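Residue numbers (the numbering used here): 19 to 281.
The C-beta atom is built at its ideal place from N, Cα and C for all residues, glycine as well.
On a predicted model such as this, the values are computed, not experimentally measured, just so you know.
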């Protein structure tokens with residue numbers, strides 16, 4: 019029986035306006051520390067909407083079982099230096115694009131749109147709110163330390179969202195929190211959660227699962243992300259903020275061209 023899904027919105031740290039403002043300071047902080055900006059481009063970044071497509075993802079068998087993203091290792095290794103995205107995250111985004119082609123054939127989602135979301139939300143599973151102890155994806159694709167947003171209790175300019183999962187996903191039995199590399203709220207994950215790494219569990223903390231869940235959320239409602247109207251609607255369904263939309267657009271476009279690798 020097919021479930022009817024309601025319109026989904028309000029995912030992630032990006033929902034919290036104050037956190038969006040804090041995240042926007044990352045470039046300034048990195049410059050202060052003497053590190054290059056996140057997007058040190060070799061060529062002007064396109065301003066397209068939808069974003070220009072990133073490097074073509076090679077065809078793999080995404081129905082073979084297990085962690086199919088690992089079959090994209092050779093592709094991700096080459097692309098990592100150009101995009102400054104950790105290979106494991108790249109594999110997850112590429113795998114999500116290929117799976118989405120089968121599950122949502124009219125969507126035409128590209129991996130760099132998912133990467134744009136992940137950059138804005140958590141810098142690909144590394145930003146957790148602690149400048150001195152950033153997270154890092156472990157060998158199984160989980161951020162360490164885990165990334166859990168602040169309680170959405172109506173304070174600190176947040177929405178007030180009472181607990182919807184008894185704390186099963188976010189560890190909070192009073193209010194919901196956004197979790198994982200793509201910062202899903204429990205109520206949103208309940209609707210679009212997916213198993214991207216083939217372990218039989220849909221977990222928003224795992225990068226393959228989160229990337230595929232993000233693709234499902236963007237494609238929700240049979241959207242076509244190859245046209246401006248569809249792409250804009252998809253991203254705004256993820257977070258209903260025009261500032262957020264512009265940041266994702268910029269990041270996704272940046273990943274469509276070769277970037278200078280950091281030392």
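Where residue i and residue j are concerned, what is the direct C-alpha to C-alpha distance, given to the nearest angstrom?
| i | j | result |
| --- | --- | --- |
| residue 249 | residue 241 | 8 Å |
| residue 152 | residue 269 | 20 Å |
| residue 237 | residue 132 | 11 Å |
| residue 259 | residue 139 | 13 Å |
| residue 92 | residue 80 | 16 Å |
| residue 185 | residue 176 | 18 Å |
| residue 245 | residue 256 | 17 Å |
| residue 247 | residue 169 | 33 Å |
| residue 251 | residue 189 | 31 Å |
| residue 165 | residue 174 | 19 Å |
| residue 221 | residue 191 | 18 Å |
| residue 94 | residue 149 | 27 Å |
| residue 263 | residue 127 | 16 Å |
In the DSSP output, which residue or residues are listed as bridge partners for residue i?
| i | result |
| --- | --- |
| residue 155 | 161 |
| residue 171 | 178 |
| residue 193 | 180 |
| residue 202 | 197 |
Suppose the cutoff is 7 Å on Cβ atoms and the five residues either side in sequence are ignored; what does the same chain contact list for residue i look like?
| i | result |
| --- | --- |
| residue 97 | 73, 108 |
| residue 142 | 103, 104, 107, 136, 199 |
| residue 182 | 194, 204, 205 |
| residue 70 | 64, 271, 274 |
| residue 219 | 213 |
| residue 172 | 178 |
| residue 2 | No statement about residue 2 is possible, as the shown extent of the chain runs from 19 to 281 and does not include it. |
Report the CB separation of residue i from residue j in whole angstroms; it is logged as a contact under 8 Å.
| i | j | result |
| --- | --- | --- |
| residue 117 | residue 214 | 7 Å |
| residue 225 | residue 159 | 4 Å |
| residue 216 | residue 83 | 6 Å |
| residue 179 | residue 207 | About 13 Å; that fails the 8 Å criterion. |
| residue 134 | residue 266 | 4 Å |
I want to see whether chain D comes within less than 8 Å of residue i, judged by CB atoms only; does it?
| i | result |
| --- | --- |
| residue 275 | No chain D is part of this structure, which consists of one protein chain only. |
Which residues in the same chain have their Cβ closer than 6 Å to the Cβ of residue i, if we skip the five residues on either side of it in sequence?
| i | result |
| --- | --- |
| residue 122 | 237 |
Let me check you understand the geometry: is the CB of residue i closer than 7 Å to at least one non-hydrogen atom of the ligand SAH?
| i | result |
| --- | --- |
| residue 265 | The ligand SAH is not part of the structure shown, which contains no ligands of any sort. |
Counting pairs of Cβ atoms below 8 Å between the segment 195–207 and the segment 227–234, do you hit three or more?
yes
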